[in-house]
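Each protein sequence line maps, in turn, to chains A and B.
Residue numbers for the first sequence, in the numbering used here: 1 to 399.
Residue numbers for the second sequence, in the numbering used here: 1 to 44.
All C-beta atoms, glycine included, are put in the ideal place defined by N, C-alpha and C.
Predicted, not measured: the structure shown is a model, and the values here were computed from it.
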Amino acid sequence: MVDDADALVTLTPEVFRKERNIDARILHEVTEIDLKGRRLQVRQLDGNKKAWWEPFDQLMIATGALPIKPDVPGVDATGIYGVHTLQSGIEVRTAVDQERPKRGVIIGGGYIGLEMAEALVRRGMEVSLVERAEQVMLTLDTDMGALVSEALMAVGVKLFREESLQGFDVRDGRVQRVVTDKRTLPADIVILGMGVRPNAALAKEAGISLGEKGSITLNDRMQTDVEGVWAAGDCAQSFHLISKRPFYVALGTVANKQGRVAGINIGGGTAAFPGVVGTAVSKICAAEVARTGLQERELKQLGWKYVSERIESRTRAGYYPKAGRITVKVLAEKGSGRLLGGQIVGYEGAAKRIDILATALHGGMTVQEMVHLDLSYAPPYAPVWDPVLMAARQVEKLI
Amino acid sequence: MGKERLVVIGGDAAGMSAAAQARRLRPDLEIIVFERSPHTSYAA
Numbered sequence: 001m002v003d004d005a006d007a008l009v010t011l012t013p014e015v016f017r018k019e020r021n022i023d024a025r026i027l028h029e030v031t032e033i034d035l036k037g038r039r040l041q042v043r044q045l046d047g048n049k050k051a052w053w054e055p056f057d058q059l060m061i062a063t064g065a066l067p068i069k070p071d072v073p074g075v076d077a078t079g080i081y082g083v084h085t086l087q088s089g090i091e092v093r094t095a096v097d098q099e100r101p102k103r104g105v106i107i108g109g110g111y112i113g114l115e116m117a118e119a120l121v122r123r124g125m126e127v128s129l130v131e132r133a134e135q136v137m138l139t140l141d142t143d144m145g146a147l148v149s150e151a152l153m154a155v156g157v158k159l160f161r162e163e164s165l166q167g168f169d170v171r172d173g174r175v176q177r178v179v180t181d182k183r184t185l186p187a188d189i190v191i192l193g194m195g196v197r198p199n200a201a202l203a204k205e206a207g208i209s210l211g212e213k214g215s216i217t218l219n220d221r222m223q224t225d226v227e228g229v230w231a232a233g234d235c236a237q238s239f240h241l242i243s244k245r246p247f248y249v250a251l252g253t254v255a256n257k258q259g260r261v262a263g264i265n266i267g268g269g270t271a272a273f274p275g276v277v278g279t280a281v282s283k284i285c286a287a288e289v290a291r292t293g294l295q296e297r298e299l300k301q302l303g304w305k306y307v308s309e310r311i312e313s314r315t316r317a318g319y320y321p322k323a324g325r326i327t328v329k330v331l332a333e334k335g336s337g338r339l340l341g342g343q344i345v346g347y348e349g350a351a352k353r354i355d356i357l358a359t360a361l362h363g364g365m366t367v368q369e370m371v372h373l374d375l376s377y378a379p380p381y382a383p384v385w386d387p388v389l390m391a392a393r394q395v396e397k398l399i
Numbered sequence: 001m002g003k004e005r006l007v008v009i010g011g012d013a014a015g016m017s018a019a020a021q022a023r024r025l026r027p028d029l030e031i032i033v034f035e036r037s038p039h040t041s042y043a044a
């Protein structure tokens with residue numbers, strides 16, 4: 001979609017140095033945090049690798065996330081990639097450009113797996129996807145996940161659900177085949193899309209508290225439990241505004257907000273980040289997938305009584321050219337009608353409608369209130385009842 | 001006693017957002033970012 005990786009780099013170290021007086025040093029790895037001595041051990045990756053100590057008064061930990069690597073034979077072979085940073089994405093692209101792989105196997109049907117499936121299909125490859133669960137996109141309910149599976153198969157991805165990875169056949173250090181508990185898939189390139197975990201080892205070794213899924217615990221000002229030490233982004237914990245529980249999410253949008261709040265507080269200002277409602281959006285070829293709030297699995301775990309309904313509609317007036325199919329599912333609290341979550345799968349113009357539901361969640365709206373939302377309407381943009389409002393109307397009947 | 005020093009570990013979205021905001025409010029702060037990869041703050 002974007003031809004040049006450099007176009008994705010929003011600000012270079014030179015820009016930070018010259019325009020903002022921020023001394024950004026790339027290829028520098030921090031290997032230890034010494035909280036008592038208020039200093040960090042650092043080494044330069046392209047230099048002589050000899051470590052030295054750098055003092056700090058305030059410390060901001062933004063170490064990101066790491067791809068979850070399965071503990072199976074052959075996982076370190078050449079040709080197996082975990083895509084979680086710009087650099088790792090560039091490595092995959094370089095491999096595809098230079099080695100012209102024909103068969104790609106994706107392990108894991110989360111959004112990284114799905115987006116990589118799209119990328120490889122677009123490059124004309126034969127793509128298989130292995131998912132341990134009975135559905136792809138576990139952040140969707142089963143019925144909505146099934147629509148994503150259909151969309152994947154429609155673009156030619158071979159989908160193997162309820163299959164678990166056993167290992168990789170390797171020859172001369174290079175991956176040859178993916179072995180599951182049910183079959184063997186020849187592979188020229190393998191993408192690990194099994195999710196990410198917080199990269200919080202440095203913080204942990206320093207004695208900073210970790211919480212949900214091993215992410216760094218924070219208050220709403222992004223302070224850790226150590227004075228003058230802050231954290232934000234994929235290594236840090238967040239808070240779920242609907243379940244009212246600690247929550248871990250690795251998304252750039254949350255990282256930007258948490259980082260901004262941390263920076264304001266470090267600079268002597270006052271800011272708080274209240275938390276998230278679990279909004280995410282993704283695209284697999286033409287299909288758009290979006291979710292927000294709590295899903296059935298989470299609601300059952302919480303033991304909350306809920307009702308839900310799923311509707312099918314169009315993204316524009318039915319008679320208007322290019323009106324895409326859209327399925328909207330809305331979940332609300334039984335009795336009160338308070339909105340708890342929503343999911344959308346559809347085609348052009350479908351996904352960003354999730355923001356209506358996300359905003360309504362932030363506002364604590366009920367589906368009864370949502371029915372009267374004054375949303376925009378003209379035939380090129382929506383049917384006269386927007387699909388989100390149609391779903392809200394259906395759920396209202398069940399309250 | 002030198003300038004107060006903020007050190008940021010990680011130069012992607014969270015780290016660079018924090019550094020930029022801190023700079024805006026505190027022109028006097030010394031800010032250093034250590035990033036392991038060859039890139040800072042990218043679109044993801």
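- Listed along chain A is no residue with a C-beta nearer than 9 angstroms to that of Asp-28(B); the closest approach is about 10 angstroms.
- With fewer than three CB-CB distances shorter than 8 angstroms, the region 56–65 of chain A does not count as touching the region 175–190 of chain A.
- Annotation: Gly-337(A) to Ile-311(A) spans about 17 angstroms, alpha carbon to alpha carbon.
- When CB distances to chain B are screened at a threshold of 9 angstroms, the residues of the region 207–230 of chain A falling below it are Met-222 and Trp-230, in chain order.
- Beta-bridge partners assigned by DSSP to Lys-397(A): none are found.
- Here the alpha carbon of Trp-53(A) sits roughly 4 angstroms from the alpha carbon of Gln-41(A).
- For Met-60(A), the uninterrupted beta strand (DSSP E) run begins and ends at 58–61, by DSSP.
- Straight-line measurement puts the Cα of Pro-55(A) at about 32 angstroms from the Cα of Ile-68(A).
- Close partners of Asp-57(A) in chain B (Cβ separation under 8 angstroms): Glu-4, Arg-5 and Leu-6.
- Between Val-33(B) and Ala-22(B), the CB-CB gap reaches or exceeds 8 angstroms.
- Not one beta carbon of chain B lies nearer than 8 angstroms to the beta carbon of Asp-141(A).
- Gly-263(A) and Leu-361(A) have their C-alpha atoms some 27 angstroms from each other.
- Within the model, the alpha-carbon separation for Arg-297(A) versus Ser-88(A) is close to 32 angstroms.
- Runs of the beta strand (DSSP E) spanning 3 or more residues and lying entirely within the region 16–68 of chain A occur at 23–26, 28–34, 39–44, 52–55, 58–61 and 65–67, in chain order.
- A Cβ-Cβ contact shorter than 8 angstroms links Val-229(A) with Leu-59(A).
- For Ala-271(A), the CB contacts under 8 angstroms within the same chain, skipping 5 residues up- and downstream, are Arg-221, Arg-260, Val-261, Ile-264 and Asn-265 in chain order.
- Counting only runs of at least 3 residues, the region 76–126 of chain A fully encloses the following beta strand (DSSP E) elements, listed from N- to C-terminal order: 80–82 and 103–107.
- Per DSSP, the unbroken beta strand (DSSP E) holding Lys-329(A) starts and ends at 325–333.
- Under the three-state reduction of DSSP output, Val-157(A) falls in the coil class, being neither helix nor strand.
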